[in-house]
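Engineer:
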Amino acid sequence: MTLKKQLQEDLTAAIRARDELRSATLRLTLTAITNAEVAGTVARELSDDEVLKVITREAKKRREAADAFGQAGRTDSAARERAEGEVLAGYLPQQLGDDELAAIVAEAVREAAAGGAEGPRAMGAVMKLVNPKVAGRAEGGRVAAAVKRALAG
Numbered sequence: 032m033t034l035k036k037q038l039q040e041d042l043t044a045a046i047r048a049r050d051e052l053r054s055a056t057l058r059l060t061l062t063a064i065t066n067a068e069v070a071g072t073v074a075r076e077l078s079d080d081e082v083l084k085v086i087t088r089e090a091k092k093r094r095e096a097a098d099a100f101g102q103a104g105r106t107d108s109a110a111r112e113r114a115e116g117e118v119l120a121g122y123l124p125q126q127l128g129d130d131e132l133a134a135i136v137a138e139a140v141r142e143a144a145a146g147g148a149e150g151p152r153a154m155g156a157v158m159k160l161v162n163p164k165v166a167g168r169a170e171g172g173r174v175a176a177a178v179k180r181a182l183a184g
């Protein structure tokens, strides 16, 4: 079963269970997926990897909105955004822990150093090595911060 089909079935179940939060979140996510499918010159069906990227993007929006609402003192809206983010997290692969990410980055730094790239200038080379290994399992900003720490240390 495709990930999009799973989302559609989960939406139907959420509607039947009268789970307003889950159904609203899944509706918005399915709309984002449909928008991605019709973007460009030709409409097409997204692969599971592309659907995962859309879900990741939607989850990131929820985290950023929750932070913004929290800073503005709107705790009820922030809590709603966090809850929606948790619903979406159920469809994302398990995120890498700090130790796992640090190990992957350290290995990439060693590989880049073997290729002649060292110090802060090696950031691009290391990121090229790390990104395919952590795709979908760690946020880009988190990866970049880990690479900077590794290169500085």
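Letter 30 of the sequence shown, counting from 1, is numbered 61 in this note's numbering, and no numbers are missing. Glycine is no exception: its CB is placed at the ideal position from the N, C-alpha and C atoms. Just so we're clear, the structure is a prediction, and the values are computed from it rather than from any experiment.
(1) Between the C-alpha atoms of residue 39 and residue 57, what's the straight-line distance to the nearest angstrom?
(2) Which term fits residue 89, buried or exposed, when burial requires 16 or more other beta carbons within 10 angstroms of its beta carbon?
(3) Should the stretch 115-131 be called in touch with the stretch 70-86, which here means at least 3 C-beta pairs below 8 Å?
(4) What is the rounded straight-line gap between the Cα of residue 153 and the Cα of residue 91?
(5) Are there 16 or more other CB atoms within 10 angstroms of the CB of residue 93, so buried, or fewer, so exposed?
(6) For residue 9, which three-state DSSP category applies?
(7) To the nearest angstrom, how far is the alpha carbon of residue 87 from that of residue 167?
(8) Can you give the beta carbon distance from residue 132 to residue 165, rounded, assuming they're within the 8 Å contact cut?
(9) Does residue 62 pass the burial test, meaning 16 or more other C-beta atoms within 10 Å, or should it be called exposed?
(10) Give every residue of the same chain whose Cβ lies closer than 7 Å to the Cβ of residue 42, excluding the five residues on either side of it in the sequence, and list them in chain order.
(11) Can you look up residue 138 in the DSSP assignment and give me helix, strand or coil?
(12) Shortest alpha-carbon distance to residue 181 belongs to which of 163, 147, 169, 143?
Structural biologist: In short:
(1) Residue 57 has its alpha-carbon roughly 8 Å from the corresponding atom of residue 39.
(2) Residue 89 is buried by the Cβ-count criterion.
(3) Three or more Cβ pairs drawn from the stretch 115-131 and the stretch 70-86 lie within less than 8 Å of each other, which places the two stretches in contact.
(4) In this model, residue 153 and residue 91 are separated by some 27 Å (Cα to Cα).
(5) By the neighbour-count criterion, in which a residue is buried when 16 or more other Cβ atoms sit within 10 angstroms of its Cβ, residue 93 is buried.
(6) Look at the range of the chain in this structure, 32 to 184, and you will see that residue 9 is not part of it.
(7) About 7 Å.
(8) That belief holds up - the Cβ atoms of residue 132 and residue 165 are roughly 7 Å apart, short of 8 Å.
(9) It is exposed - the Cβ of residue 62 has fewer than 16 other Cβ atoms within 10 Å.
(10) Cβ-Cβ distances below 7 Å link residue 42 to 54, 57, 58, 61 in the same chain, with the five nearest sequence neighbours on each side left out; the list follows chain order.
(11) Under the three-state reduction of DSSP, residue 138 is assigned to helix.
(12) When 163, 147, 169, 143 are compared, the shortest CA-CA separation from residue 181 is found for 143.
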